[in-house]
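Read through the structure below, which is laid out as structure tokens, and then see the notes.
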Amino acid sequence: MTALDLTLATTGAAALPRSLFGMSRAEIAGVIADALALDAKKAKMRASQLWRWAYHYGVTDFEAMTDIGKEMRADLARLFSLERPRVADRQVSIDGTRKYLIEIGPGAEIECVFIPDVGRAGALCVSSQVGCTLNCTFCHTGTQALVRNLTAGEIVAQVMAVKDDLPEWPSGGDDRRLSNIVFMGMGEPLYNLDNVARAIEIISDGDGIGISRRRITVSTSGVAPEIHRLGEETGAMLAISLHATNDALRDELVPINRKYNIAELMAACAAYPGAGNTKRITFEYVMLKGVNDSNAEARALVRLLKDLPAKINLIPFNPWPGAPYECSDWSRIEAFAEIVNKAGYASPIRTPRGRDIAAACGQLKSQSVKTRASERLKERLAEAEQ
Ligand code: SAH
Ligand code: SF4
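Structural data, given as structure tokens:
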């Protein structure tokens, strides 16, 4: 199977079948109206049929679309494609977590991770960029040199490829296995919000994949000015990678804090559309030994979040080769969790999943490694001193 080349597809290069992933229904109707000279009403009907075959049944071959005439099926197959990207590697953890390395174009690979038994059935952690520009010092993804935004089609294609593998199409049995989507893979989703919003529109469509917006969570390191638009445009659940309760430490761990500080981030959270007791904001806090894990910091965390509809997720630090941190001791995590728990936050510790295959939070990284974040930080500091 060849990899999808969506860059070519979107320039309208005539000869190549164009991928339908990433297009809204209205866009599909538009392109088939043009390509097959159909009137708007007929094109809309055909787009609905196609949509259902593609996203509800997971069909890849236009020939299988039996309610569309033979000639039109042939035309569609010539012009359009429902081909999946190539899964370059797939690993299964002893706990059932599956990690996929997906090739989205020449030299561009991303990872996504399926985690069974979370949410209603299972969650898929998708990537929104190849790599990440943000260099959080505890995160492996930030050490990847090559960075580019994923298209909406490339985000949706991750879901399609994993649904094929589970399998989770109507022919694959009754049990729902994929119920939740989390944007916690590679990349900063709010640096690619247009494509993330488009992908959410497609993934949540009730006539297709049908994962409700309430079961889709977008995690951000704190791009405060885009948080409101995320809520307005997607209705998704919000997660914030907080990790520190004061600006001095957060500046160091999550460098975007130098641009949008904690006060600005909290104000954006307070104004998140729809946030309330039934739609809480998740605050993620990675437990770093001797760095952010004292009792005083647990109390500061509770104080910081007291006026927000919040959930707290304590994430044991997942180590990676050359990481400049260690995970807090288990007894420390428990003591921290108890303070948080007493303040009314239930089950705050997130069990690490898929650690044996480096599929846990912050361990994702595809091939294009050049320098480690710590090295790059040193380089930047050296530059600043000059
Ligand atoms: N860029 C976004 C989403 C991807 S990161 C963000 O930062 O929110 C997903 C989560 O994994 C974030 O909360 C991130 O802080 C956390 N994470 C990154 N590296 C980690 C590590 N080594 N151990 C544990 N969690 C980590
Ligand atoms: Fe990027 Fe998120 Fe990793 Fe920070 S934690 S480097 S924002 S992926």
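Its first residue numbered 2, the sequence shown is counted upward by one per residue in the numbering used here. Note that beta-carbon positions come from the ideal geometry of N, C-alpha and C, so glycine has one too.
Quiz item: Got a sec? Which residues, its chain only, sit under 8 angstroms from ARG1 by beta carbon, not counting five neighbours each side?
Solution: This structure gives no information on residue 1, because the portion of the chain shown stretches from 2 to 387.
Quiz item: If we ignore side chains and look at the alpha-carbon of each, how far apart do LYS100 and MET161 end up?
Solution: 14 angstroms
Practice problem: Following the continuous alpha helix (DSSP H) through GLU298, name the residue where it begins and the one where it ends. | Solution: 296-305
Self-check item: Exposure of GLY277, with buried meaning 16 or more beta-carbon neighbours within 10 Å
Solution: exposed
Practice problem: Going by DSSP, name the residue or residues bridged to ILE241. | Solution: THR221 and PHE284
Quiz item: Can you name, in chain order, every residue of its own chain whose Cβ lies under 6 angstroms from the Cβ of PRO274, other than the five neighbours on each side?
Solution: GLY232 and GLU233
Self-check item: beta-carbon MET187 near the ligand SF4 non-hydrogen atom, thresh 7 angstroms
Solution: yes
Practice problem: May I ask whether a heavy atom of the ligand SAH can be found less than 7 angstroms away from the beta carbon of GLU285? | Solution: yes
Quiz prompt | Collapsed DSSP secondary structure at LEU289 in the structure displayed | solution = strand
Exercise. Using 7 angstroms as the cut-off, classify the Cβ of THR221 as near or not near the heavy atoms of the ligand SAH, replying yes or no.
Key: yes
Self-check item: Bounding residues of the alpha helix (DSSP H) (the contiguous stretch that carries CYS270)
Solution: 263-271 is the span of the alpha helix (DSSP H), which, as asked, contains CYS270.
Quiz item: If you check the beta carbons only, do LEU21 and ASP76 fall under 8 angstroms apart?
Solution: no
Quiz item: Using the C-alpha atoms, what's the distance from LYS343 back to ILE103?
Solution: 42 angstroms
Quiz prompt | DSSP-derived helix/strand/coil call for SER20 | solution = strand
Quiz prompt | Sequence-distant residues of its chain with Cβ nearer than 7 angstroms to ARG19 (five each side left out) | solution = ALA10, LEU80, PHE81 and SER82
Quiz prompt | Burial state of THR279, where buried means 16 or more other Cβ atoms lie within 10 Å | solution = exposed
Quiz item: Should the segment 194-214 be regarded as contacting the segment 141-160, the criterion being three or more beta carbon pairs within less than 8 angstroms?
Solution: yes
Quiz item: Where does the unbroken alpha helix (DSSP H) through ASP90 begin, and where does it stop?
Solution: Per DSSP, ASP90 belongs to no alpha helix (DSSP H); it is in the beta strand (DSSP E), 87-93.
Quiz item: Does the Cβ of GLY323 lie closer than 7 angstroms to at least one heavy atom of the ligand SF4?
Solution: no
Quiz item: Which whole runs of the alpha helix (DSSP H) in the segment 23-68 are 4 residues long or more, in chain order?
Solution: 26-37 and 41-52
Practice problem: Mind checking which residues open and close the beta strand (DSSP E) that includes TYR125? | Solution: Looking at the sequence shown, residue 125 is not Tyr but Leu. Boundaries of the beta strand (DSSP E) around LEU125: 123-126.
Quiz item: Does DSSP put ALA14 in a helix, a strand or coil?
Solution: Annotation note: pLDDT 45 at ALA14 (below 50); position unreliable, coordinate value reported separately. Coil at ALA14, not helix or strand.
Quiz item: Three or more C-beta pairs closer than 8 angstroms, one from the segment 121-140 and one from the segment 251-269: is that the case here?
Solution: With the cut-off at 8 angstroms, the segment 121-140 and the segment 251-269 touch.
Quiz item: Roughly how many whole angstroms lie between the Cα atoms of THR61 and ALA89?
Solution: One C-alpha to the other measures close to 19 angstroms.
Quiz item: Given 8 angstroms as the limit, is there contact between the segment 317-330 and the segment 299-306, that is, 3 or more CB pairs closer than that?
Solution: no
Practice problem: Check the C-beta distance from ASP248 over to ILE263 and give it rounded, since I have them as a contact under 8 angstroms. | Solution: ASP248 to ILE263, Cβ: 6 angstroms. Contact.
Exercise. Verify the contact flag: CYS270, CB atom, against every heavy atom of the ligand SAH, threshold strictly below 7 angstroms.
Key: no
Self-check item: Identity of the residue in ALA237, GLU169 and ALA146 nearest MET187 by Cα
Solution: ALA146
Exercise. Leaving out five residues on either side along the sequence, give the residues of the same chain with a beta carbon under 8 angstroms from the beta carbon of SER25.
Key: Only ARG199, GLU202 and ILE203 meet the Cβ criterion.
Practice problem: Report the residue ranges of all beta strand (DSSP E) runs contained in full by the segment 165-225; include only those spanning at least 3 residues, in chain order. | Solution: 181-184 and 217-221
Quiz item: Is DSSP giving ASN258 helix, strand or coil here?
Solution: Of the three classes helix, strand and coil, the one that applies to ASN258 here is helix, per DSSP.
Quiz item: Assuming ILE29 contacts ALA48 under a Cβ cut-off of 8 angstroms, what Cβ separation, rounded to an integer in Å, is found between them?
Solution: 4 angstroms
Quiz item: Is it the case that the CB of HIS57 approaches a heavy atom of the ligand SAH more closely than 7 angstroms?
Solution: no
Quiz item: By Cβ distance, which residues of its chain are closer than 7 angstroms to ALA269, with the 5 residues on each side in sequence left out?
Solution: ALA225, ILE228 and HIS229
Quiz item: What residue from MET185, MET46, TRP170 and GLY59 has the CA that sits closest to ILE111's CA?
Solution: MET185
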